[in-house]
Amino acid sequence: MRLPLCCSSSPSWRFAHFYRSATLLALALTGACTGSVTDLAAGAKPGTGAASAGGKGMVGTGIGTGGTGADQGSGGGSRTPPLANSPEALAAACAQSGGVLNAGLTPVRRLTRDQFNNTVRDLLGSSGTPADMLSDDEKIGPFYSNAIAPITNLVVQQHKEAAVALAAAARTRMAQISPCDLAAETGTSTTCATQFVTQFGRRVYRRPLTTAEVQQYVSLYTLGKQGDGAANGFRLVVETMLQSPFFLYHHDVGATGIPQATPVAVTPFELASRMSYFLWNSMPDEPLFTAATNGALATDTGLSTQVDRMLADSKAGATIAQFHRQWLDVGDLSQQLKDATMFPRYDAALTDAMAQELTLFTDYVVRKGDGLLKTLLTSNMAFPQGGLFDVYGVPQPAGYAVGTPVMLDATKRAGILTQAAFLARWSHNNQTSPVHRGKLVRLNLMCGYIPPPPNNVNTTPPPPSPATSTRDRFAQHSADPNCAGCHLLMDPIGLGFENYDSIGAYRTKDGLGDVNANGQINAAAADLSGTFHGAVELANKLANSSQVRDCVADQWFRFSMGRMETTNDACSLKAIHETFQTSGGNIRQLLSRIVLSPAFRNVRVSGG
């Protein structure tokens, strides 16, 4: 490696530059593989590894993505009905395993932007959103999971710049971050430096460092200190660690330390990280590290104790909200524009209130309330603020404090799908969208499949007119045989939301006529198929459907693992579905059962 002449005289710079280059090279090599580390180790060409999104037997889909692993660059997925839609198929797939432990292929995953922000917050005390400078996250199904696209030079440069900025800012907090006084250590002593590298490195790598890793980082610190004091050595260590693949990636190899084609137990520290990024979307805390060290995570009781503790933390509330934002695909709500003439009260403050309501509602139901899926889908409880009271047509109570539940008219509002965030996000700027609303329900609540539209299809919605209703304008979808096959899966569901306008306000008129909110669910389980009137009745049908219950369980599984489920996960999923059913749809118990499942506690990173 040839170094710039202006810097080549500095031994500190040379060591740091080399170490950063080495870790960034590893980052690039790891990310270039769309399958797993083993694909490269076995000599496979980058980009041809097995199933970046989960491997063979891929099932399920997400809003706007359509299809299964075969459609998501998996290199081996087959377009099969989601197992959530067929308990018989799930049981048969489990029976085929003959009792042998199995698990779906785990892809190599880089931290998402939200995970990056949360981790550096907990690691360094950083504020803000430094990951904003990073490229957008990928999606597998409806959830963010960076496991497919190769790492480009731009992505490497973005992570380098983020690490430089974070390390420079961390210098001012060196005394709080280091467990000992680095500035007070003089001469050739490296006692404090070793303590800092060992303890801080364990938090960065989310596992204990090897002796060789400690020695390398202590040498880097020493060289930096010689150049410009302890703070500079500290900065170089932080900057380098933040560019390591062991920081930037979820490290799931297993107790053997060698990638295996058959499932092996993850290490206690890998299990701790899986739990923390599932429930907190961030790194483990000290009690979780301690549990990984003392063997407490080896038992069901120990795992359940940690899940209960973690769910009681406010960080779990933020993660629960993140799940629901991604599940309903409303994360970009603030970017959705509405016709200012038709909706003058729609502004940034209102969209922020909608997003805040989603956070408060889901956190209240899952963590503080009864935890039931039925409550999530049917409760008339809301958490409005500001202009959202006007949208809901209710007065703000005297002395109202944000975060206090408000009960809305139960004949008009039922659960998360009748709240403004979902309704406003899945509408056009000047009219509602039965297509988008129905599509999201079909894909993300029913785990159904809708083929992508032809390349030459005209997706421009018909312009609104007072003389016609939304139902009239979109009737062509069902009348045209080229469109009907797909739109009959979406539009009749979405038309049930017609009582809600483009910002979620309740209405009884559509144009010059009365709203017709009759709907129908086609091609679904027996307890879900059939007609309904309005979103409140639809919400109750969804809440009482085994298909929806199993689909929601699968969505949480996908969120926890960062991948789609496969037939290799059938026994884990079967037990998860059964627990969710017997609990009456208790989401807290669902999350605990996912952590206890063999798929969560084991890893397979190669093989078909």
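Anchor point for the sequence shown: position 281 equals 332 in this note's numbering, and the numbering is continuous, going up by one each time.
Where a beta carbon is used, it is the ideal one built from N, C-alpha and C, also for glycine.
This one's a predicted model, so the numbers in the text were calculated from it and none came from an experiment.
For residue i, does the count of other Cβ atoms within 10 angstroms reach 16, so buried, or fall short, so exposed?
i, result
"Leu474", "buried"
"Glu549", "buried"
"Pro181", "buried"
"Thr313", "exposed"
"Ile645", "buried"
"Ser240", "exposed"
"Pro517", "exposed"
"Tyr272", "buried"
"Arg558", "exposed"
"Gly422", "buried"
"Gln606", "buried"
"Ser365", "exposed"
"Asn506", "exposed"
"Gly280", "exposed"
"Ser623", "buried"
"Phe194", "buried"
"Arg224", "exposed"
"His584", "exposed"
May I have the straight-line CA-CA distance separating residue i from residue j, to the nearest angstrom?
i, j, result
"Gln386", "Asn480", "11 angstroms"
"Val457", "Pro435", "7 angstroms"
"Gly547", "Asn567", "8 angstroms"
"Gly115", "Leu354", "Low local confidence applies: a pLDDT of 34 at Gly115 is under 50, so the model's placement there is unreliable, and no value is given."
"Arg524", "Ser484", "11 angstroms"
"Cys620", "Trp331", "According to the sequence shown, residue 620 is Asp rather than Cys. Asp620 and Trp331: Cα-Cα distance of roughly 23 angstroms."
"Arg493", "Ala219", "48 angstroms"
"Cys217", "Leu459", "Inspection of the sequence shows that residue 217 is occupied by Leu rather than by Cys. Approximately 45 angstroms between the Cα atoms of the pair."
"Asp542", "Gly636", "28 angstroms"
"Ala154", "Gly613", "14 angstroms"
"Ala464", "Phe440", "The question names Ala, yet the displayed sequence has Arg at residue 464. Using only the alpha carbons, I get a separation of about 13 angstroms."
"Met595", "Thr307", "What sits at residue 595 in the sequence shown is Asn, not Met. Cα to Cα, Asn595 sits roughly 44 angstroms from Thr307."
"Phe610", "Thr413", "16 angstroms"
"Leu593", "Leu579", "7 angstroms"
"Asn569", "Ser520", "13 angstroms"
"Gly150", "Ala142", "12 angstroms"
"Ala530", "Gly564", "22 angstroms"
"Ser430", "Pro649", "34 angstroms"
"Pro655", "Val159", "The displayed chain sequence assigns Arg, not Pro, to residue 655. Approximately 11 angstroms, taken between the alpha carbons."
"Gln571", "Leu162", "40 angstroms"
"Gly39", "Met615", "Any question about residue 39 goes unanswered here, given that the chain covers just 52 to 659."
"Ala391", "Thr511", "20 angstroms"
"Ala604", "Leu647", "14 angstroms"
"Leu152", "Ala316", "10 angstroms"
"Pro514", "Ala575", "31 angstroms"
"Gln470", "Asn509", "30 angstroms"
"Lys211", "Gln311", "31 angstroms"
"Asn168", "Ala526", "45 angstroms"
Leaving out the 5 sequence neighbours to the left and right, which residues in its chain are closer than 6 angstroms to residue i when beta-carbon positions are compared?
i, result
"Leu186", "The identity of residue 186 in the sequence shown is Ser, whereas the question assumes Leu. Answer for Ser186: Val206, listed in chain order."
"Arg652", "none"
"Lys490", "Met541"
"Leu642", "none"
"Ala556", "Val442"
"Ala404", "Gln436, Gly437 and Leu439"
"Thr157", "Asp303, Val654 and Val656"
"Ala343", "Pro319, Phe320 and Ala323"
I'd like the list of long-range same chain contacts for residue i, defined as Cβ closer than 8 angstroms, with 5 residues on each side in sequence excluded.
i, result
"Thr462", "Val587"
"Arg522", "Pro485, Leu546, Glu549, Asp561 and Asn567"
"Ala235", "Cys243"
"Ala347", "Thr341, Gly353, Thr356 and Gln357"
"Arg418", "Leu362, Ala363, Ala367, Gly368, Ile371 and Arg639"
"Ala535", "His528 and Ser529"
Residues in its own chain within less than 7 angstroms of residue i by CB, not counting five upstream and five downstream?
i, result
"Lys389", "Tyr397, Asn480, Ser553 and Ile554"
"Asn283", "Gly275 and Lys276"
"Val215", "Glu290"
"Thr426", "Val416 and Gly420"
"Ile501", "Gly117, Lys490, Arg493, Leu494, Cys537, Leu540 and Met541"
"Gln246", "Pro230 and Cys231"
Under 8 angstroms by Cβ, that's how I've got residue i and residue j pegged, so tell me the actual separation to the nearest angstrom.
i, j, result
"Trp378", "Asn197", "The Cβ separation is near 18 angstroms, so there is no contact."
"His375", "Leu424", "The pair is not a contact, with the Cβ atoms about 12 angstroms apart (cut-off 8 angstroms)."
"Ala472", "Ala406", "6 angstroms"
"Ala400", "Gly437", "6 angstroms"
"Leu428", "Thr402", "23 angstroms between Cβ atoms; not a contact."
"Gln373", "Asp165", "6 angstroms"
Counting beta carbon pairs with one atom in the stretch 287 to 294 and one in the stretch 333 to 340, are three or more of them shorter than 8 angstroms?
At 8 angstroms Cβ cutoff, the stretches do not touch.
Quick check: the stretch 359 to 378 against the stretch 315 to 332, are there 3 or more CB pairs under 8 angstroms?
yes
Would you be able to state if there are at least three C-beta pairs under 8 angstroms between the stretch 496 to 503 and the stretch 589 to 603?
Yes, they touch.
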